[in-house]
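**Student:** Got a structure for you, written out below as structure tokens; questions coming shortly.
2 protein chains.
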Amino acid sequence: MAGSDRPTSRDVARAAGVSQATVSLVLGGKWRGRVSERTADAVRRAAGELEYRPNLAARSLRLGRTRTALLVVPALTHEYFARVYTGAARVADEHDFGVVLYPSPEGTGPARDPFGSARAAIDGVIASSMAADALSGIADGGLPLVMLDSGPGAAGGPPTVDLAVADGIRQVVRHLVGLGHRRITHLAADVDTWTFRVRAQTVREELAGVAGAELATERCELDVGPARAAAVRALTAPGRRPTALLCDGDVLAAGACKAARGLGLRVPDDVSVSGFDDLSLATALDPELTTVRLPAEDVGARGMSALLALLDGAPTPPTELPVHLIPRASTSPPPTD
Amino acid sequence: MAGSDRPTSRDVARAAGVSQATVSLVLGGKWRGRVSERTADAVRRAAGELEYRPNLAARSLRLGRTRTALLVVPALTHEYFARVYTGAARVADEHDFGVVLYPSPEGTGPARDPFGSARAAIDGVIASSMAADALSGIADGGLPLVMLDSGPGAAGGPPTVDLAVADGIRQVVRHLVGLGHRRITHLAADVDTWTFRVRAQTVREELAGVAGAELATERCELDVGPARAAAVRALTAPGRRPTALLCDGDVLAAGACKAARGLGLRVPDDVSVSGFDDLSLATALDPELTTVRLPAEDVGARGMSALLALLDGAPTPPTELPVHLIPRASTSPPPTD
DNA sequence: CCCCTCACGTGTTACGTATAACGTCCGGGT
DNA sequence: ACCCGGACGTTATACGTAACACGTGAGGGG
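Those protein sequence lines, which keep their order, are chains U and D.
For the first sequence, position 177 (counting from the first letter as 1) is numbered 177 according to the UniProt record's numbering, and the numbering increases by one without interruption.
For the second sequence, position 252 (counting from the first letter as 1) is numbered 252 according to the UniProt record's numbering, and the numbering increases by one without interruption.
Okay, here's the thing in structure tokens:
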């Protein structure tokens with residue numbers, strides 16, 4: 001039957017006994033002072049009866065806007081980015097916006113043309129944890145752009161939403177120092193993005209102010225295996241063994257824990273391990289990880305809000321979201337020995 | 001400059017000295033025998049110069065199809081579903097298709113109306129791990145539908161892509177039995193979907209054929225905390241303690257490991273633990289989990305292929321993908337004691 | 001009594017694309 | 001000489017919506 005053909009605004013108009021233009025006005029919400037309350041009600045009722053849904057393609061064509069945003073993330077399989085998406089999608093949904101993801105092969109940035117024919121038409125872009133130059137194509141294209149976790153941009157640049165990463169690292173360092181740790185190795189992700197640069201720098205700065213502090217650094221890829229290898233290097237390096245491993249992420253911390261156990265060391269009795277991100281992994285491990293909770297959903301949500309504001313021409317001041325240390329079982333005072 | 005307004009097919013036509021219709025023919029690929037090679041080349045060259053991209057809204061309006069699929073997943077923050085998405089997006093991309101996700105608040109199925117704003121914009125739906133009745137609205141709406149991980153459908157029903165879950169469970173049971181285990185507790189997810197029903201049933205069936213086998217079952221929510229509690233119950237239940245915990249997922253296995261350690265038991269020396277899914281979590285834990293690897297990306301990819309076939313009116317036979325046991329360190333022969 | 005204004009709608013158009021329905025030119029068969 | 005048909009394009013139209021620019025009465029001020 002006709003169940004498959006969806007009703008158009010003209011069908012609604014016919015049912016309500018008005019013209020298509022009136023339907024558009026009423027349902028578009030811009031009818032105040034142009035259509036009587038009675039007529040508007042009739043239109044709305046007819047639309048309800050027919051289960052009318054506006055044809056988005058036609059609307060987009062007419063308006064030149066699609067109410068769709070592109071979210072660029074390095075890898076959706078990383079829980080952090082999945083959560084960023086979730087937050088962004090929630091806010092988008094509240095504003096009748098859609099979100100499409102940049103289908104990037106794991107880890108690659110938007111090297112491919114995001115305006116390729118396949119991708120949905122886009123009103124704006126939200127890019128997370130991208131090197132700024134990786135987005136030059138988008139900026140040149142004149143598309144509204146919001147950057148997440150990329151550091152405070154230059155004035156006049158795209159709006160930004162950042163986490164207080166430096167503060168988070170400071171909390172970790174103070175936590176460790178407060179427990180009595182002085183020999184600390186920073187297990188650093190070998191990734192050249194703002195967030196990791198800030199972490200490295202903050203660890204240095206914060207520890208520089210502590211008497212007797214000794215900082216070492218081991219770099220590795222952002223994965224368990226490499227982290228384990230790096231932690232082994234850290235724990236078997238010549239000189240006195242570090243009493244704490246400060247890791248750039250929970251995933252690295254997991255590797256560090258494996259390394260410690262492999263060397264016959266107990267966590268946290270012989271060596272403390274701290275993470276970052278507070279992924280579900282943090283409480284799946286045993287001992288549970290002391291880590292820093294990142295409000296990933298909020299990052300996505302604020303990013304989407306910023307984009308919506310930008311599209312409205314509203315001012316979009318840079319945002320920085322606070323982060324919090326979550327002390328758990330993987331850190332304790334260093335061995336007295 | 002005019003850099004912001006994108007060129008239309010008419011602009012290309014003007015540049016190439018032909019009509020808009022010819023541009024559409026050439027770029028649409030249906031010009032054989034209707035347009036000379038020379039002209040076609042001129043059109044393509046002009047399109048290249050102007051960096052012409054067809055307006056997708058206009059195309060969708062004209063064709064009544066959007067080249068976009070909706071992927072419904074319970075929760076993107078579960079690594080399995082993120083990987084399903086990745087696979088689906090890859091195939092979609094290869095066919096100039098887009099994928100949008102159903103923006104479902106964690107865990108809820110399409111309780112909200114998937115036709116809200118999205119329906120107009122999609123050509124079909126891929127639903128993963130859904131209870132069949134949760135999708136009645138979609139089926140009724142006449143939208144092409146493919147179901148993932150929902151079991152072989154009735155003939156005439158929507159195409160399906162499933163994992164050989166039963167075989168995976170059989171491999172685990174045989175692995176444990178082969179190691180010598182007889183008292184096994186199944187840590188079962190308290191979720192009423194096909195995949196988990198099959199697992200419970202298969203464990204029963206497979207163990208029924210083993211002399212002296214004793215099967216117990218503990219149900220819990222699909223999370224670390226509840227799993228830990230359930231595992232504690234299992235390990236402290238009256239009677240002889242099980243020597244192996246067969247878990248319905250790596251997440252549950254993580255909880256089981258924590259429970260064991262909390263009770264002073266070593267994994268795998270005192271109790272073996274097996275997982276399912278082979279998430280990155282499986283190798284982040286210590287000991288690494290014996291588990292079953294699920295080709296999540298393939299599930300998504302095959303699902304998208306099936307949907308594309310369905311849209312082409314091609315036959316779409318049910319698919320079942322094989323799974324493989326990955327033996328690791330969390331299982332060993334039971335204590336001889 | 002006439003015209004202006006306001007309240008309430010309607011006719012029409014354009015958005016950019018794909019395609020059905022037409023030309024037009026030209027060589028060849030009869 | 002006439003018609004036919006293939007090769008090569010073009011003209012015109014529809015998709016469904018939003019919004020501009022007009023009607024059209026009714027009521028009121030002058």
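Beta carbons are placed, not taken as given, at the ideal position from N, Cα and C, and that holds for glycine.
Is the Cβ-Cβ distance between D:A301 and D:G151 less than 8 Å?
**Tutor:** no
**Student:** Under DSSP, the beta strand (DSSP E) around U:L245 begins and ends at which residues?
**Tutor:** A244 to C247
**Student:** List in chain order: all unbroken alpha helix (DSSP H) runs of 4+ residues lying wholly within the stretch 169-228 of chain U.
**Tutor:** Complete alpha helix (DSSP H) runs here, min 4: 194-208.
**Student:** So, helix, strand or coil for residue 340 of chain D, using DSSP?
**Tutor:** Shown here, chain D extends from 1 to 337; a query on residue 340 of chain D therefore has no answer.
**Student:** Is U:D278 buried or exposed, if buried means 16 or more other CB atoms sit within 10 Å of its CB?
**Tutor:** buried
**Student:** How would you call D:E218, buried or exposed, if buried means at least 16 neighbouring beta carbons within 10 angstroms?
**Tutor:** D:E218 is buried by the Cβ-count criterion.
**Student:** Taking contact to mean at least 3 C-beta pairs separated by less than 8 Å, is the stretch 272-288 of chain U in contact with the stretch 318-337 of chain U?
**Tutor:** yes
**Student:** Nearest to U:A188 by alpha carbon, out of U:H175, U:V203 and U:L176?
**Tutor:** U:V203
**Student:** With a threshold of 8 Å on Cβ separation, who are the neighbours of U:A42 within its own chain once the five nearest residues in sequence on each side are excluded?
**Tutor:** A16, G17 and V18
**Student:** Using a Cβ cut-off of 7 Å, pull out every chain U residue sitting near D:V60, in sequence order please.
**Tutor:** The amino acid occupying residue 60 of chain D in the given sequence is Ser; Val does not appear at that position. Within chain U, the residues near D:S60 are A57.
**Student:** For a cutoff of 8 Å on Cβ pairs, would you count U:R293 as touching chain D?
**Tutor:** no
**Student:** With U:L50 and U:V91 assumed to form a contact (beta carbons below 8 Å), what rounded beta-carbon distance in angstroms separates them?
**Tutor:** Rounded, the Cβ-Cβ distance is 30 Å, inconsistent with contact.
**Student:** Taking 8 Å as the CB-CB limit, is U:G98 close to chain D?
**Tutor:** yes
**Student:** Taking 8 Å as the cut-off, decide whether the C-beta atoms of U:A259 and U:L289 are in contact.
**Tutor:** no
**Student:** CB-CB under 8 Å to U:A314, same chain, minus the five flanking residues each way: which ones, in chain order?
**Tutor:** none
**Student:** Can D:L61 and U:A58 be called in contact, C-beta distance under 8 Å?
**Tutor:** yes
**Student:** For D:A284, tell me which candidate among D:P268, D:P295 and D:V251 has the shortest Cα-Cα distance.
**Tutor:** D:V251
**Student:** What does a CB cutoff of less than 7 Å around D:G180 pick up in its chain, not counting 5 residues either side in sequence?
**Tutor:** P333 and P334
**Student:** What residues from chain D crowd round U:A301, counting only those whose CB sits closer than 7 Å?
**Tutor:** Within chain D, no residue comes near U:A301; the closest Cβ sits about 12 Å away, beyond 7 Å.
**Student:** Over the uninterrupted beta strand (DSSP E) stretch that includes D:V26, give me the two end residues.
**Tutor:** Not the beta strand (DSSP E): D:V26 falls in the alpha helix (DSSP H), residues Q20 to G28.
**Student:** I need the boundaries of the beta strand (DSSP E) containing U:V146, first residue and last residue.
**Tutor:** First-last of the beta strand (DSSP E) with U:V146: L145 to L148.
**Student:** Please list the partners that residue 385 of chain U has in chain D, where partner means a Cβ-to-Cβ separation under 9 Å.
**Tutor:** Residue 385 of chain U is absent from the model: chain U starts at 1 and stops at 337.
**Student:** Please name the residue, chosen from D:L310, D:K30, D:L281 and D:H175, that lies closest to D:L245 on a Cα-to-Cα basis.
**Tutor:** D:H175
**Student:** Here's the rule: buried if 16 or more other CB atoms are within 10 angstroms of the residue's CB, otherwise exposed. What is D:T336?
**Tutor:** exposed
**Student:** Give me whichever residues DSSP pairs with U:T89 in a beta bridge.
**Tutor:** It should be pointed out that residue 89 of chain U corresponds to Ala in this sequence rather than to Thr. In the DSSP output, where bridge partners are listed per residue, U:A89 has none listed.
**Student:** Looking at the unbroken alpha helix (DSSP H) that takes in D:E49, where does it start and where does it end?
**Tutor:** E37 to L50
**Student:** How many Å lie between D:T77 and U:P74 at the Cα?
**Tutor:** 15 Å
**Student:** Is U:S332 helix, strand or coil by DSSP?
**Tutor:** coil
**Student:** Secondary structure at U:L285, three-state DSSP: helix, strand or coil?
**Tutor:** Three-state DSSP puts U:L285 in coil, outside helix and strand.
**Student:** Please name the residue or residues paired with D:A127 in a DSSP beta bridge.
**Tutor:** Answer by DSSP bridge pairing, in chain order: D:V72 and D:M147.
**Student:** Starting from the C-beta of D:E106, find all residues in its chain whose C-beta is less than 6 Å away, skip the five residues before and the five after it, and write them out in chain order.
**Tutor:** Annotation note: pLDDT 45 at D:E106 (below 50); position unreliable, no value reported.
**Student:** Taking 8 Å as the threshold (beta carbon to beta carbon), is D:K30 in contact with chain U?
**Tutor:** no
**Student:** Taking the CB atoms as reference points, tell me whether U:L263 and U:D298 lie closer together than 8 Å.
**Tutor:** no
**Student:** Might you give, ordered along the chain, the residues of its own chain that have their beta carbon closer than 7 Å to the beta carbon of U:S280, omitting 5 neighbours on each side?
**Tutor:** E79
**Student:** Expressed to the nearest angstrom, what Euclidean distance is found between the alpha-carbon atoms of U:L325 and D:R233?
**Tutor:** 32 Å
**Student:** In this structure, what does DSSP give as the bridge partners for D:L321?
**Tutor:** For D:L321, which the question treats as bridged, DSSP gives the partners D:L163.
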